[in-house]
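*Asks:* Here the protein sequences line up with chains G and V, keeping their order. Residue numbers for the first sequence follow UniProt numbering, so the first one is 1 and each next one is one higher. Residue numbers for the second sequence follow UniProt numbering, so the first one is 1 and each next one is one higher. Virtual Cβ for every residue (Gly too), placed ideally from N, Cα, C. Just so it is clear, the structure is predicted and the values come from calculations on it, not from any experiment.
Protein chains: 2
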Amino acid sequence: MQDVARAAGVSTITVSRVLRTPEKVKAATRARVVAAVRELGYVPDQGAGALSSRESRLVAALVSTLSGSIFASTVDGLAQSLREAGHQLLLGTTEYSSATEEALVATALSRRPDGIVLTSGDHTTAARSMLAGAGIPVVEVWELPEDPVDMAVGFSNQEAGRAMTRHLHATGRRRIGFVGGGRQAGRGGGRPAAGGGAADGDRRGRLRRRGYEAALAELGLGAPRVVPEPADGSMVERGARDLAALLECWPDTDAVFCSSDSAALGAVSEARRRGIAVPDRLAIAGFGDFEFAGELGLGLTTVSIPGRAIGAEAGRMLLARKSGEPVETPILDLGFTIVRRATA
Amino acid sequence: MQDVARAAGVSTITVSRVLRTPEKVKAATRARVVAAVRELGYVPDQGAGALSSRESRLVAALVSTLSGSIFASTVDGLAQSLREAGHQLLLGTTEYSSATEEALVATALSRRPDGIVLTSGDHTTAARSMLAGAGIPVVEVWELPEDPVDMAVGFSNQEAGRAMTRHLHATGRRRIGFVGGGRQAGRGGGRPAAGGGAADGDRRGRLRRRGYEAALAELGLGAPRVVPEPADGSMVERGARDLAALLECWPDTDAVFCSSDSAALGAVSEARRRGIAVPDRLAIAGFGDFEFAGELGLGLTTVSIPGRAIGAEAGRMLLARKSGEPVETPILDLGFTIVRRATA
DNA sequence: CGTCACTATGTTATCGATAACATCGAGGAG
DNA sequence: CTCCTCGATGTTATCGATAACATAGTGACG
Numbered sequence: 001m002q003d004v005a006r007a008a009g010v011s012t013i014t015v016s017r018v019l020r021t022p023e024k025v026k027a028a029t030r031a032r033v034v035a036a037v038r039e040l041g042y043v044p045d046q047g048a049g050a051l052s053s054r055e056s057r058l059v060a061a062l063v064s065t066l067s068g069s070i071f072a073s074t075v076d077g078l079a080q081s082l083r084e085a086g087h088q089l090l091l092g093t094t095e096y097s098s099a100t101e102e103a104l105v106a107t108a109l110s111r112r113p114d115g116i117v118l119t120s121g122d123h124t125t126a127a128r129s130m131l132a133g134a135g136i137p138v139v140e141v142w143e144l145p146e147d148p149v150d151m152a153v154g155f156s157n158q159e160a161g162r163a164m165t166r167h168l169h170a171t172g173r174r175r176i177g178f179v180g181g182g183r184q185a186g187r188g189g190g191r192p193a194a195g196g197g198a199a200d201g202d203r204r205g206r207l208r209r210r211g212y213e214a215a216l217a218e219l220g221l222g223a224p225r226v227v228p229e230p231a232d233g234s235m236v237e238r239g240a241r242d243l244a245a246l247l248e249c250w251p252d253t254d255a256v257f258c259s260s261d262s263a264a265l266g267a268v269s270e271a272r273r274r275g276i277a278v279p280d281r282l283a284i285a286g287f288g289d290f291e292f293a294g295e296l297g298l299g300l301t302t303v304s305i306p307g308r309a310i311g312a313e314a315g316r317m318l319l320a321r322k323s324g325e326p327v328e329t330p331i332l333d334l335g336f337t338i339v340r341r342a343t344a
Numbered sequence: 001m002q003d004v005a006r007a008a009g010v011s012t013i014t015v016s017r018v019l020r021t022p023e024k025v026k027a028a029t030r031a032r033v034v035a036a037v038r039e040l041g042y043v044p045d046q047g048a049g050a051l052s053s054r055e056s057r058l059v060a061a062l063v064s065t066l067s068g069s070i071f072a073s074t075v076d077g078l079a080q081s082l083r084e085a086g087h088q089l090l091l092g093t094t095e096y097s098s099a100t101e102e103a104l105v106a107t108a109l110s111r112r113p114d115g116i117v118l119t120s121g122d123h124t125t126a127a128r129s130m131l132a133g134a135g136i137p138v139v140e141v142w143e144l145p146e147d148p149v150d151m152a153v154g155f156s157n158q159e160a161g162r163a164m165t166r167h168l169h170a171t172g173r174r175r176i177g178f179v180g181g182g183r184q185a186g187r188g189g190g191r192p193a194a195g196g197g198a199a200d201g202d203r204r205g206r207l208r209r210r211g212y213e214a215a216l217a218e219l220g221l222g223a224p225r226v227v228p229e230p231a232d233g234s235m236v237e238r239g240a241r242d243l244a245a246l247l248e249c250w251p252d253t254d255a256v257f258c259s260s261d262s263a264a265l266g267a268v269s270e271a272r273r274r275g276i277a278v279p280d281r282l283a284i285a286g287f288g289d290f291e292f293a294g295e296l297g298l299g300l301t302t303v304s305i306p307g308r309a310i311g312a313e314a315g316r317m318l319l320a321r322k323s324g325e326p327v328e329t330p331i332l333d334l335g336f337t338i339v340r341r342a343t344a
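1. Taking 8 Å as the cut-off, decide whether the C-beta atoms of residue 78(G) and residue 312(G) are in contact.
2. Enumerate in chain order the residues of its own chain whose CB-to-CB distance from residue 291(G) is below 8 Å, with the five nearest sequence positions on each side excluded.
3. Here's a check: name, in chain order, each residue in its chain whose Cβ is nearer than 7 Å to the Cβ of residue 190(V), leaving out the five neighbours to either side.
4. With 16 as the cutoff for other CB atoms within 10 Å, does residue 119(V) come out buried or exposed?
5. Measure the C-alpha to C-alpha separation of residue 321(G) and residue 43(G) and round it to an integer number of angstroms.
6. For the UniProt domain "HTH lacI-type" (1 to 53) of chain G, list every residue whose C-beta sits within 9 Å of some C-beta in chain V, in sequence order.
7. For the region 227 to 243 of chain V, enumerate the residues whose C-beta is nearer than 7 Å to any C-beta of chain G, in chain order.
8. Given a threshold of 16 other Cβ atoms within 10 Å of its Cβ, counted over all protein chains shown, does residue 270(G) qualify as buried or as exposed?
9. Within the same chain, show all residues whose beta-carbon is closer than 8 Å to that of residue 92(G), passing over the 5 residues directly before and after it, in chain order.
10. Is residue 339(G) close to chain V, meaning its C-beta is less than 8 Å from at least one C-beta of that chain?
11. Is there a C-beta anywhere in chain V that falls below 8 Å from the one on residue 193(G)?
12. Thinking just about the alpha-carbon of each residue, which of 33(V), 23(V), 20(V) and 29(V) is nearest to the one in residue 3(V)?
13. In whole angstroms, what is the alpha-carbon distance linking residue 230(G) and residue 329(V)?
14. Identify the residues that DSSP records as bridge partners of residue 143(G): which are they?
15. Within 8 Å (strictly less), CB to CB, does residue 289(V) reach chain G?
16. Who are the Cβ neighbours of residue 52(V) in its own chain at under 6 Å, not counting the five residues just before and after it?
17. For residue 333(G), is the classification buried or exposed, using 16 other Cβ atoms within 10 angstroms of its Cβ as the cut-off for buried?
18. Can you name the residues of chain V whose CB is closer than 8 Å to the CB of residue 336(G)?
19. Going by DSSP, what residues sit across from residue 63(V) in a beta bridge?
20. At 8 Å on the CB atoms, spell out the chain G contacts of residue 69(V), in chain order.
21. Closer than 8 Å by C-beta to residue 85(V): which residues in its own chain qualify, once you throw out the five before and the five after it? Chain order, please.
22. For the putative contact between residue 40(G) and residue 7(G), defined by C-beta atoms under 8 Å, what is the C-beta separation to the nearest angstrom?
23. Please identify, using Cβ separations under 7 Å, the residues of the region 299 to 322 of chain G that lie next to chain V, in order along the chain.
24. Report yes or no: is there a C-beta of chain V within less than 8 Å of the C-beta of residue 110(G)?
25. How big is the Cα-Cα spacing for residue 308(G) and residue 210(V)?
26. Are residue 47(G) and residue 135(V) close, meaning C-beta to C-beta below 8 Å?
27. Report the partner residues of residue 88(V) according to the DSSP bridge assignment.
28. Which class does residue 12(G) belong to by DSSP, given the choice of helix, strand or coil?
29. Nearest to residue 323(V) by alpha carbon, out of 127(V), 55(V) and 22(V)?
30. What three-state label does DSSP hand residue 6(G) in the structure shown?
31. Taking only three categories from DSSP, how would you classify residue 43(V)?
32. Could you confirm whether any beta carbon from chain G is found closer than 8 Å to the beta carbon of residue 106(V)?
33. With a threshold of 8 Å between beta carbons, is residue 131(G) in contact with chain V?
34. Less than 8 Å between the CB atoms is what I'm expecting for residue 180(G) and residue 205(G), so what's the real figure, rounded?
35. 8 Å is my cut-off, CB to CB: does residue 347(G) come that close to chain V?
36. Return the residue from the list 143(G), 249(G), 176(G) and 172(G) that minimises the CA-CA distance to residue 202(G).
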């Protein structure tokens, strides 16, 4: 910056002003500075700027994983909305461990971000207190927690489970099972059940299941039909094996709600192999509306989540809060949509 | 840090040493400092540290998008390998525009990262010169560029196209078409063809197509069969429509190589609708090995790319270079695998 | 018992920017 | 003509850490 100042015949503060508040500098001076910046290829050091101005223009996001198409579009939406507002995204992956999350919260805070986005609803006590103590806006996304740290954007997994179960009931099904709860296996050869904490895909799946059970009770459909020991392997494989196990226990099952589209894919495949007509004899519903679920793919009836919008909205809320604007709805339910296709 | 130092009865530099080089501090002193850190909930400011030590422990990654399952696992692998080495990831999405990429390179460099990862092979001249001038390691991932800025990890799209075409030939096909080149539509309602630059999904698809054409020539299979005007819409939709158009021009086509699994999904679906037996009358091959392509899903014959490994390796190379170790293979070809399943 | 080598800790300057206050000149009001 | 105000620019201190050098103990050895 000194070099630029010298080249333009001004002081450093003027260079700083040209870059941050151009309207406060006379046009002629500004032009000289801009020329010097360009000529020297000067790129300001935002780290130094942050130190001085106490504003980092950085937002941290902690997600469990990007693989498996769950959070990718949320992060994408977040990155885009931040970029448009001149902020940058610091990304950390927790690999489904809340111990890792705790460590990542600390490292994230060490960058003094202007805000932080979390995809997990449950945090260690230490993590919660660090977040609270940081004095920055926090947004939890996807699941709307009962006891949010600060703000939240997402939908209710439990309501989604309930709604889909009611949908199955509404289409005449009476013996409805649930497939694909339990652990979410890390993809790509990650450590199995890393970190010792409860896996967090688990928690979400459990919430969907709770909604399923609630609906069953409300509708008087009898006891839940859930495989007690979920299978190992990828979600798809588990969907297949869990359906097989479920049918063994309750052969007359006429519908299953799968905790994810991947599990539903496995279930559909298993049903096909067994010559079970879908949806005639067995309706299959998924969750997530992944790409392959669409009309041209499986034609899977599923729950669609506005993942990208969640990310974009999280960014917006964060920046609004930062700039002092009041945030009308700090707990924002973006809902979900039941997409009815061929399988249920 | 001053507060901590006071509480522990030492000077700030001792606190700094306890945090960065604990072995240089006597155990008793160290214990007092650690206690003070814990008690005060002190989280060091890495930004300030970076300014002083000229080492940010930050790596920037610029990807076109995270949606659509292409780069997500690569970023995931990168984030993980960086985390294990105590570094953090700064993420930017370029939305397939090299103009946006140029701007992002500048903002990324303004954080003084210790390295930078790019998923696009073509950069503007300005971007290239900024990268070169930054004096930090640069890794280009996925496509191996002809003229790399610094290092690269990935595979050859052209070779992949060539290999799959040869595979189709080896299984007896002689009238082979190509589906799904051209633009890659932005998902989630992004601006169509934003930024004015050539979309970069386009470039990669073109390379696969070039490989396809090369194989055709080598094998004496006649002129390429490619739809001149690719359809609009999502990749899946385009796969369906392009196949339809292709069959209209060349009804006797007995195999198609699709530029992505999404396109292949659409193609399979279109074939089914028309009652064309796959693979008996028409073989269909994809690219990417997305989750739904597997045994339990489509059973799609496709090209599998080690996306996560590419990211992890990029991180490793970056950090090796940073710490002065020589990097044996600055241009690392991780290859691809042809996965033979049911459709071809 | 003095000197040396070494360990443990402290002091000072610095990284690259910005906030806060200071200065300077030009033009307008009285 | 003087004083005042305001716009344009400069000076100095500061953000929170670390590098480099400085200094105080501490034990070994001749």
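*Replies:* Quick answer:
1. Reading the first sequence from its first residue, position 78 is the one you call residue 78(G). Reading the first sequence from its first residue, position 312 is the one you call residue 312(G). Yes. Within cutoff.
2. As a first step, residue 291(G) is located in the first sequence; it is residue number 291 there, counting from the start. Closer than 8 Å at Cβ, skipping near neighbours: 69 and 297.
3. Here the question's residue 190(V) lines up with position 190 in the second sequence. The predicted model places residue 190(V) with a pLDDT of 38, which falls under 50 and marks its position as unreliable; any figure quoted below should be read in that light. Contacts found: 95.
4. Position 119 of the second sequence holds residue 119(V). With 16 or more other Cβ atoms within 10 Å, it is buried.
5. The residue labelled residue 321(G) in the question sits at position 321 within the first sequence. The residue labelled residue 43(G) in the question sits at position 43 within the first sequence. Going from the Cα of residue 321(G) to the Cα of residue 43(G) covers about 29 Å.
6. 41, 43, 44, 45, 46, 47, 48, 49, 50 and 51
7. Of all residues in the region 227 to 243 of chain V, only 236, 237 and 240 come within less than 7 Å of chain G when Cβ atoms are compared, listed by chain position.
8. Counting from one through the first sequence, the residue named residue 270(G) turns up at place 270. Buried.
9. Against the first sequence, residue 92(G) aligns to sequence position 92. Same-chain partners within the cutoff: 60, 61, 62, 63, 104, 107 and 108.
10. Position 339 of the first sequence, counted from the first residue, corresponds to residue 339(G). So no, residue 339(G) is outside the interface.
11. On the first sequence, residue 193(G) is found 193 positions in, with the first residue counted as 1. Confidence is the limiting factor: at residue 193(G) the pLDDT is only 36, short of 50, which leaves the residue's position unreliable, though a coordinate-based value still follows. By the rule that beta-carbons nearer than 8 Å mark a contact, residue 193(G) does not touch chain V.
12. Working through the second sequence from its first residue, we reach residue 3(V) at position 3. The residue with the shortest Cα to Cα distance from residue 3(V) is 33(V).
13. One-based indexing of the first sequence puts residue 230(G) at position 230. One-based indexing of the second sequence puts residue 329(V) at position 329. So the two alpha carbons sit approximately 44 Å from each other.
14. In the first sequence, residue 143(G) corresponds to position 143, counting from 1. In the DSSP secondary-structure assignment, residue 143(G) is bridged to 155(G).
15. In the second sequence, the residue the question calls residue 289(V) occupies position 289. Residue 289(V) does not count as touching chain G.
16. Residue 52(V) sits at position 52 when you count from the first residue of the second sequence. Excluding sequence neighbours, residue 52(V) sits near nothing in its chain.
17. By one-based count along the first sequence, residue 333(G) stands at place 333. Under this definition residue 333(G) is an exposed residue.
18. As a position in the first sequence, residue 336(G) is number 336, starting the count at 1. Per Cβ cutoff of 8 Å: no residues; residue 336(G) is ~16 Å from chain V at best.
19. Taking the second sequence and counting its residues from 1, one reaches residue 63(V) at position 63. In DSSP, residue 63(V) forms a bridge with 93(V).
20. Position 69 of the second sequence holds residue 69(V). Within chain G, the residues near residue 69(V) are 69, 72 and 291.
21. Counted from its first residue, the second sequence places residue 85(V) at position 85. Excluding residues within five positions, the ones whose Cβ falls inside 8 Å are 315 and 319.
22. Counting from one through the first sequence, the residue named residue 40(G) turns up at place 40. Counting from one through the first sequence, the residue named residue 7(G) turns up at place 7. Taking C-beta atoms under 8 Å as the contact rule, residue 40(G) and residue 7(G) qualify, at a distance of about 6 Å.
23. If you check each beta-carbon in the region 299 to 322 of chain G against every beta-carbon of chain V, the ones closer than 7 Å belong to 308.
24. Along the first sequence, one-based indexing puts residue 110(G) at 110. Answer yes: the Cβ-Cβ gap between residue 110(G) and chain V drops below 8 Å somewhere.
25. In the first sequence, residue 308(G) corresponds to position 308, counting from 1. In the second sequence, residue 210(V) corresponds to position 210, counting from 1. Cα-Cα distance, rounded: 34 Å.
26. The sequence position of residue 47(G) within the first sequence is 47, counting from 1. The sequence position of residue 135(V) within the second sequence is 135, counting from 1. Cβ atoms of residue 47(G) and residue 135(V): not closer than 8 Å.
27. Residue numbering aside, residue 88(V) sits at position 88 when the second sequence is read from its first letter. 58(V).
28. In the first sequence, residue 12(G) corresponds to position 12, counting from 1. If DSSP states are grouped into helix, strand and coil, residue 12(G) belongs with the helices.
29. As a position in the second sequence, residue 323(V) is number 323, starting the count at 1. For the set 127(V), 55(V) and 22(V), the Cα lying nearest the Cα of residue 323(V) is the one of 55(V).
30. Against the first sequence, residue 6(G) aligns to sequence position 6. Helix.
31. In the second sequence, residue 43(V) corresponds to position 43, counting from 1. When DSSP states are grouped into helix, strand and coil, residue 43(V) belongs to the coil group.
32. Taking the first residue of the second sequence as 1, we reach residue 106(V) at position 106. Yes, residue 106(V) counts as interfacial toward chain G.
33. Residue numbering aside, residue 131(G) sits at position 131 when the first sequence is read from its first letter. Judged by the 8 Å Cβ criterion, residue 131(G) is not in contact with chain V.
34. Along the first sequence, read from residue 1 onward, the residue named residue 180(G) stands at position 180. Along the first sequence, read from residue 1 onward, the residue named residue 205(G) stands at position 205. Sure, about 7 Å apart at Cβ, within 8 Å.
35. Only positions 1 to 344 of chain G appear in the structure, and residue 347(G) is not among them; the question remains open.
36. Here residue 202(G) is taken as the residue at index 202 of the first sequence, counted from 1. Nearest C-alpha to residue 202(G): 143(G).
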